[in-house]
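Presented below is the structure to which this report refers.
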Amino acid sequence: MNTRKTGAEYEEQAAQYLRKEGYQILEQNYKSRFGEIDILADKEGELIVVEVKYRSTNGYGDPLEAVDKRKQKRICQTAAYYCMTHGITEDISCRFDVIAIYGDGTVRHEKNAFEYQR
Numbered sequence: 675m676n677t678r679k680t681g682a683e684y685e686e687q688a689a690q691y692l693r694k695e696g697y698q699i700l701e702q703n704y705k706s707r708f709g710e711i712d713i714l715a716d717k718e719g720e721l722i723v724v725e726v727k728y729r730s731t732n733g734y735g736d737p738l739e740a741v742d743k744r745k746q747k748r749i750c751q752t753a754a755y756y757c758m759t760h761g762i763t764e765d766i767s768c769r770f771d772v773i774a775i776y777g778d779g780t781v782r783h784e785k786n787a788f789e790y791q792r
């Protein structure tokens with residue numbers, strides 16, 4: 675299976691997990707000139723920006739560690755563009771989460787995984 679197809683499969687698994695937890699999925703695989711956001715969701719009026727990471731083994735480290743500062747900055751720029759183009763004002767709270775999916779099927783949801791990076 676190619677990496678794009680694998681990524682889409684695990685992003686859908688993460689979206690299903692979020693739905694079960696009471697999140698409303700707004701968009702999946704949102705793309706702009708700044709980058710891509712795996713999942714944009716809403717929970718109780720808060721915008722949740724979610725990066726999904728999968729690792730079949732920990733040979734390359736924990737999937738949560740894969741979201742480095744450079745990746746965080748790109749996600750934040752993309753989220754800012756999304757907000758601007760969708761009329762989401764600064765009075766709406768925004769949170770950046772990471773969902774890690776492990777080879778054994780374990781899902782770990784790290785809420786507030788990082789702060790907004792300029």
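Residue 675 is where the sequence shown starts when you use the working numbering, and the numbers rise one by one after that.
Virtual Cβ for every residue (Gly too), placed ideally from N, Cα, C.
Small disclaimer: the values here were computed from a predicted structure and weren't measured.
### Task
Could you give the DSSP three-state label for ILE775: helix, strand or coil?
strand
### Query
Is it right to say GLU725 is buried, meaning 16 or more other beta carbons lie within 10 angstroms of its own, or is it exposed?
buried
### Task
Have a look at ARG707 and HIS783 and give me their C-alpha separation to the nearest angstrom.
27 Å
### Identified DSSP bridge partners for ALA715
ILE699 and ILE722
### Query
Looking at LEU714 and LEU692, is the spacing between their C-beta atoms short of 8 Å?
no
### Query
Among all the DSSP beta bridges, which residues are the ones paired with LYS727?
ALA774
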